[in-house]
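Peer 1:
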Amino acid sequence: MIDIIAKAGLAAGALLAATPAVAQLATSAGVEATTDENRRGISWSEGRASIAGDATVSGYGLDLTARVAALRGSDRHGGANAVADLTLGSGWDVGAVRLRAQGTAHVFGGARGNMDYAELGGSASYTYGPADLTAGAIWAPEQRAIGGSNLYLYANASAGLPGTPLTAIAGLGHSSGTVTDPVRAQRLRPGGDYTDWRLGVEYRRDRLTLGVDYVGTDVTRAGAFGPFADAGHAGDRLIGRVRFDF
Numbered sequence: 009m010i011d012i013i014a015k016a017g018l019a020a021g022a023l024l025a026a027t028p029a030v031a032q033l034a035t036s037a038g039v040e041a042t043t044d045e046n047r048r049g050i051s052w053s054e055g056r057a058s059i060a061g062d063a064t065v066s067g068y069g070l071d072l073t074a075r076v077a078a079l080r081g082s083d084r085h086g087g088a089n090a091v092a093d094l095t096l097g098s099g100w101d102v103g104a105v106r107l108r109a110q111g112t113a114h115v116f117g118g119a120r121g122n123m124d125y126a127e128l129g130g131s132a133s134y135t136y137g138p139a140d141l142t143a144g145a146i147w148a149p150e151q152r153a154i155g156g157s158n159l160y161l162y163a164n165a166s167a168g169l170p171g172t173p174l175t176a177i178a179g180l181g182h183s184s185g186t187v188t189d190p191v192r193a194q195r196l197r198p199g200g201d202y203t204d205w206r207l208g209v210e211y212r213r214d215r216l217t218l219g220v221d222y223v224g225t226d227v228t229r230a231g232a233f234g235p236f237a238d239a240g241h242a243g244d245r246l247i248g249r250v251r252f253d254f
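For the sequence shown, the positions run 9 to 254 when the numbering used here is used.
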């Protein structure tokens, strides 16, 4: 599946680059530093600081994003030092609801063995006044690298705080799936199925974003095992982050 998504992304990029009407394309990029590369409540960087960069090209109903983040020799990902997330997606409006579909390939650098895997996702977003609401699902079909399949269901909300330059953020998610290799399944679900949450606040000024998040999970060390679980970096924590967009 990773090959399919990667080839589709390369094909889309080649198509956009070869089109004369380059003015119809939109590009963006940014860099971000964080005290922990944390996804779905679990650390991908050994609970240590990380830096990431990303770039997006969009046009003709498609968007292609590449993001690279430092993983600091992550046990969860076989000692990987970095991950590249390659995403090809599309969005469209149905009334007041914004729908989105995407595919993402996660490619790991410096890992012991093949840790790469792919996911497919869909979401629906709705804006009501100052509030943005999103619900979605991200599914990783059965793959050897993750010891089975994985389904992530989530809901996120954000809203500007009246009279301030701050935005409040909240999120709730649940990870479940099938198991073909109990050891590798611990990568994305240490200890089995679990729930994660996030509460945060952001300050934005021009191209600069500052954020603080409290993230947590109901993962317990008792159910986690093997070299990929890294349950010690799956608990509650505060995360600081700063981002600059170009």
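Glycine included, every Cβ here is placed at the ideal spot set by N, Cα and C.
1) Using beta-carbon positions only, say whether residue 250 and residue 57 come within less than 9 Å of one another.
2) Output the distance between the C-alpha atoms of residue 120 and residue 39, rounded to the nearest integer angstrom.
3) Which residue or residues does DSSP assign as beta-bridge partners of residue 201?
4) Tell me the rounded alpha-carbon separation between residue 240 and residue 229.
5) Measure from the alpha carbon of residue 59 to the alpha carbon of each residue in 226, 45, 174, 142, then state which is nearest.
6) Quick one: Cα of residue 90 to Cα of residue 117, how far?
7) Using the Cβ count rule (16 or more neighbours within 10 Å means buried), how would you classify residue 110?
8) Should residue 122 be labelled buried (16 or more other beta-carbon atoms within 10 Å of its own) or exposed?
9) For the beta strand (DSSP E) holding residue 114, just list the boundary residues, first then last.
10) Would you call the CB atoms of residue 248 and residue 192 closer than 9 Å?
Peer 2: Let me spell this out:
1) If you number the sequence shown from 1, residue 250 lands on position 242. If you number the sequence shown from 1, residue 57 lands on position 49. Their beta carbons are not under 9 Å apart, which means residue 250 does not touch residue 57 by this criterion.
2) Locating residue 120 in the sequence shown gives position 112, counting from the first residue. Locating residue 39 in the sequence shown gives position 31, counting from the first residue. Roughly 27 Å separates the two Cα atoms.
3) Locating residue 201 in the sequence shown gives position 193, counting from the first residue. DSSP, once it has assigned bridges, lists no residue as partnering residue 201.
4) In the sequence shown, the residue the question calls residue 240 occupies position 232. In the sequence shown, the residue the question calls residue 229 occupies position 221. Distance between the alpha carbons of residue 240 and residue 229 is about 7 Å.
5) The residue you call residue 59 lines up with position 51 of the sequence shown. Checked all of 226, 45, 174, 142; the closest Cα to residue 59 is 45.
6) Here residue 90 is taken as the residue at index 82 of the sequence shown, counted from 1. Here residue 117 is taken as the residue at index 109 of the sequence shown, counted from 1. Cα-Cα distance, rounded: 5 Å.
7) For the purposes of this step, residue 110 is taken as residue 102 along the sequence shown, with counting starting at 1. Under this definition residue 110 is a buried residue.
8) Mapped onto the sequence shown, residue 122 falls at position 114. The residue is exposed, with fewer than 16 neighbouring Cβ atoms inside 10 Å.
9) Here residue 114 corresponds to residue number 106 of the sequence shown, with the count starting at 1. Its beta strand (DSSP E) spans residues 105-117.
10) Working through the sequence shown from its first residue, we reach residue 248 at position 240. Working through the sequence shown from its first residue, we reach residue 192 at position 184. Their beta carbons are not under 9 Å apart, which means residue 248 does not touch residue 192 by this criterion.
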